[in-house]
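Counting in this note's numbering, the sequence shown runs from 151 upward without gaps. Cβ coordinates follow ideal geometry from the N, Cα and C atoms, glycine included. This report concerns only the one structure given below.
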Amino acid sequence: MVTVMALAAALFYGVGDFFGGAASRRATALSVLMVSIPLGLALLAVAALAGGDAPDAAGVGWGLASGLASGVGFLALYRALAIGPMSVVAPVSALAGAVVPVAAGLLAGERFSGTVMSGVVLCVAAIGLVSMEPGKEGRSPWVLGEGLSLALVAGTAFGVFFVLLSHAGEGSGLWPLVLSRAGVLTVVLGVVVLLACSSSRPPVSMPRGRTTWALALGAGALDVVANVAYFKAVNAGMLSIVGVLTSLYPAVTVLLAWLVHKERLQVAQRFGLVVALTGVALVTSG
Numbered sequence: 151m152v153t154v155m156a157l158a159a160a161l162f163y164g165v166g167d168f169f170g171g172a173a174s175r176r177a178t179a180l181s182v183l184m185v186s187i188p189l190g191l192a193l194l195a196v197a198a199l200a201g202g203d204a205p206d207a208a209g210v211g212w213g214l215a216s217g218l219a220s221g222v223g224f225l226a227l228y229r230a231l232a233i234g235p236m237s238v239v240a241p242v243s244a245l246a247g248a249v250v251p252v253a254a255g256l257l258a259g260e261r262f263s264g265t266v267m268s269g270v271v272l273c274v275a276a277i278g279l280v281s282m283e284p285g286k287e288g289r290s291p292w293v294l295g296e297g298l299s300l301a302l303v304a305g306t307a308f309g310v311f312f313v314l315l316s317h318a319g320e321g322s323g324l325w326p327l328v329l330s331r332a333g334v335l336t337v338v339l340g341v342v343v344l345l346a347c348s349s350s351r352p353p354v355s356m357p358r359g360r361t362t363w364a365l366a367l368g369a370g371a372l373d374v375v376a377n378v379a380y381f382k383a384v385n386a387g388m389l390s391i392v393g394v395l396t397s398l399y400p401a402v403t404v405l406l407a408w409l410v411h412k413e414r415l416q417v418a419q420r421f422g423l424v425v426a427l428t429g430v431a432l433v434t435s436g
């Protein structure tokens, strides 16, 4: 059941990231988040109320902290997806995020075999490979993608999100997830206020077009389902294993990018994806 829930989280995160990235190419990342995050917050609040569980201070505290980290990750990821190819941004952010829960698990006393540790090393190596893309005029033949830094920031932030949310426990039902979404919204609104104070132009405008709205709303709904699946999995299994399984979501995003946007993978990127999948397989097999 733990494996199924973690892989379900990977599936919904992957599709949600594809929707969010596609919407961010039609509107700004902030505009998309101002639609998707409130929707997710509302859906989770309804689910939490329907569950009948009462929130406790520890659970909601960890949830809020995880949301603040996730908010940073969302801003960085959506911006990276808007300026760089999904086939690069998604794997880099996910693999960077996978290292954080593994490290946290080790520090917490979780122990792994040599096979698992070999998988972690391969995942780290794959980050550099999948982030390569053809150089532009005046640049070397192979360069790190322009969205790499943002992808790494996003991945690290999401890794912290995974770790913090794992401490919330299920004693207060889905309320930690509600506070987590509230934390994300707090970060996004803070950025909007800062931009509004530094410019005479409105920092956010509502997305235009039905397709953009559908993509933004879909991203918000899918993220909710993914969060619930991860929350259930991490409360039933090891943080490190669940975190790595959940980090399989780029495979879904890359597949959709290839099918819909016809994004081509370079030789080094293809090799990097193989290395990444091999690393994840080694981690999960241990």
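Subject >> Cys347 classed as buried or exposed, judged by whether at least 16 other C-beta atoms fall within 10 angstroms >> reply: exposed
Original post:
Arg176 to Val337, Cα distance in whole Å?
Top reply: 22 Å
Subject >> Segment limits, alpha helix (DSSP H) that includes Asp167 >> reply: 152-174
Subject >> Reduced DSSP secondary structure (H/G/I, E/B, other) of Ala177 >> reply: coil
**OP:** Find the nearest neighbour of Gly340 within the set Ala192, Gly213, Gly221, judged by alpha-carbon distance.
**Re:** Gly221
Original post:
Unbroken beta strand (DSSP E) runs of length 3 or more, entirely within the segment 349-386: which are they?
Top reply: none
**OP:** Please go through the segment 380-423 and give each complete alpha helix (DSSP H) segment of 4 or more residues, from N-terminal end onward.
**Re:** 389-396, 400-410
Subject >> Nearest-angstrom Cα separation, counted from Val424 out to Ser322 >> reply: 40 Å
Original post:
Mind checking Thr403: buried by the 16 CB within 10 Å criterion, or exposed?
Top reply: buried
Subject >> Distance, Ala232 Cα to Ser174 Cα >> reply: 6 Å
**OP:** Taking 8 Å as the cut-off, decide whether the C-beta atoms of Thr396 and Ala159 are in contact.
**Re:** yes
Original post:
With 16 other CB atoms within 10 Å as the buried threshold, where does Lys412 fall?
Top reply: exposed
Subject >> Leu218 burial status per 10 Å Cβ neighbour count (16 or more: buried) >> reply: buried
Original post:
Which whole-angstrom value is the C-beta distance of Gly164 and Ala401, which I expect to be below 8 Å?
Top reply: 7 Å
Subject >> Option in Leu227, Val242, Arg229, Ala179 with minimal Cα separation from Gln419 >> reply: Val242
**OP:** Please determine, among Gly202, Leu324, Ala197, the residue with the shortest C-alpha to C-alpha distance to Gly213.
**Re:** Leu324
**OP:** Using only alpha-carbon positions, find the residue among Ala204, Ala200, Ser390, Phe224 that is nearest to Val182.
**Re:** Phe224
Subject >> Residue burial classification, Met184 (beta-carbon count within 10 angstroms, cutoff 16) >> reply: buried
Original post:
Where does Ala407 land, buried or exposed, given buried means 16+ other C-beta within 10 angstroms?
Top reply: buried
Subject >> Exposed unless 16 or more other CB atoms sit within 10 angstroms - verdict on Ser316 >> reply: buried
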